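Asks:
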Amino acid sequence: MTQTDESHKDRVNRELQELLQGLRVAVTGVQVLFAFLLTVPFQMGFSKIDTVGLWLFFVALMSSAMASVCFIAPAAQHRLIFRTGLKERMLKRANRLGVAGAAFLLVAMTAAVALVAEVILNAWPATLFGAAVALTAGWFWLIQPLVDIRRAKGELQLET
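Take the sequence shown: its position 138, counting from 1, is numbered 139 in our numbering, and each next residue is one higher.
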């Protein structure tokens, strides 16, 4: 059966499985970052971090926690919504949660890299390296797909 021959129900099931598989990949990365951040305050040199570093740490910690919530929510909701006929609604919500999770992860990674750079180097390289992470992830995770969507819509309008 090709994708064009699949029923609406089969398409929703396939799309949900694809989405959940993608979220499994993302949740692993964010959980490693979150676990690492949870241990940082208990390390010997943490008290030496300046105010900027403390804010970067807190932003990274909260953003990784929020990314974890967003990435885990679809699996938890799937268990609750199981066999209620609400799978398509959950699929749309899970997609939005995945995008929000990616945005939170982008902030968490940016802040974590900036924190490490601020501790090791100083403030201006921290800004530079944090910006490099933010711009790279922002482009590949969010902006490039949005540009592709816009271009595809433009191509469809030209065909009609």
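Each residue gets a CB set at the ideal place from its N, CA and C atoms; glycine is no exception.
All values derive from a computational prediction rather than experimental measurement.
Looking only at C-alpha atoms, which of A103, I50 and D51 sits nearest to T29?
Replies: Working through the sequence shown from its first residue, we reach residue 29 at position 28. Taking each of A103, I50 and D51 in turn and checking the Cα distance to T29, the smallest one comes out for A103.
Asks: Considering only residues of the same chain and omitting the five flanking positions on each side of E89, which have a CB-CB separation below 7 Å?
Replies: Locating residue 89 in the sequence shown gives position 88, where the first residue counts as 1. Correct list, in chain order: V13.
Asks: Would you report the Cα separation of K154 and V148, rounded to the nearest angstrom?
Replies: Locating residue 154 in the sequence shown gives position 153, where the first residue counts as 1. Locating residue 148 in the sequence shown gives position 147, where the first residue counts as 1. Rounded to whole angstroms, K154 to V148 spans 10 Å at the Cα level.
Asks: Roughly how many angstroms separate the alpha carbons of H9 and A68, rounded to a whole number?
Replies: On the sequence shown, residue 9 is found 8 positions in, with the first residue counted as 1. On the sequence shown, residue 68 is found 67 positions in, with the first residue counted as 1. Near 30 Å, if we compare the C-alpha coordinates of A68 and H9.
Asks: Straight-line CA distance for I50 to F105?
Replies: Numbered from its first residue, the sequence shown carries residue 50 at position 49. Numbered from its first residue, the sequence shown carries residue 105 at position 104. Distance between the alpha carbons of I50 and F105: 23 Å.
Asks: Please list the terminal residues of the continuous alpha helix (DSSP H) segment that includes R96.
Replies: By 1-based counting over the sequence shown, the position of residue 96 is 95. This sequence places Asn at residue 96; Arg is not what is there. Note, N96: alpha helix (DSSP H), K88 to I121.
Asks: What ranges does the alpha helix (DSSP H) occupy inside the region 18-50, keeping only unbroken runs of at least 4 residues that lie completely in it?
Replies: The region 18-50 contains no complete alpha helix (DSSP H) run of 4 or more residues.
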